[in-house]
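If you read the sequence shown in our numbering, its first letter stands for residue 1302, the second for the next number, and so on. Backbone N, C-alpha and C define an ideal beta-carbon position, used for all residues, glycine too. Quick caveat, the model's predicted, so the values are computed rather than measured. As structure tokens, the structure follows; a few thoughts come after it.
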Amino acid sequence: MQTGVLRVLRATAASWWRHKELRRTGQTGQAQRRERETVLRDLGYLKQAALLPNAHVICGEGGTFLHLGWTTVSTFAPIERFPLATLAVARGTPFIDIRPVTDVIAFANLPRVTRDGSDDPEPSGPGRSVSLTTYIDMVEQLGASITNDPRPCRST
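This is how it looks when you write it as structure tokens:
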């Protein structure tokens, strides 16, 4: 594991208000334990982001989401203030920036990305889902920008 990744995760965990409050009240041991747990959890998320076929980060006006199959990690902040998502993108996870999308109705009507990488036999109707590459094709037509594009011959 890269030292820089650990440094960012440790600094992020130490900056959480709850951990700072524990330190302020003299509960340093508990703060350190919780920070370690947080770092280990976030390392697990980064590992999943690297291994899962449909893992991706999406950022819009409502915040930033790290989609990991059946797990989603999110914040109301933009990606610039979400170190875990920034690290995932830096390590190669596809990033879909939907902040430039102006047609929110069309975006809301897009299917979801399949959770396990399989193709949905019924790609229309309520609850429909598509592969990540198909989803990227659709959202790109609405004006989204893509980083770490997983489609063949397309990477920015």
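For the set 1349, 1339, 1377, the Cα lying nearest the Cα of residue 1370 is the one of 1349. Across the structure, residue 1394 and residue 1447 are spaced so that their CA atoms are roughly 11 Å apart.
Taking 7 Å as the cut-off, the Cβ atoms of residue 1409 and residue 1358 do not count as close. Check the Cα spacing between residue 1443 and each of 1331, 1372, 1361, 1320: the tightest is with 1361. Here residue 1405 is exposed, its C-beta having fewer than 16 other C-beta atoms within 10 Å.
Taking C-alpha positions only, residue 1375 is separated from residue 1327 by approximately 30 Å. Rounded to whole angstroms, residue 1335 and residue 1416 show a C-alpha spacing of 29 Å. Comparing alpha-carbon positions, the option among 1449, 1414, 1399, 1387 lying closest to residue 1306 turns out to be 1387. C-alpha of residue 1441 to C-alpha of residue 1312: approximately 34 Å in a straight line.
DSSP places residue 1443 outside both helix and strand once states are collapsed to three, so it counts as coil.
Distance between residue 1445 and residue 1407, taken at the CA atoms: about 12 Å.
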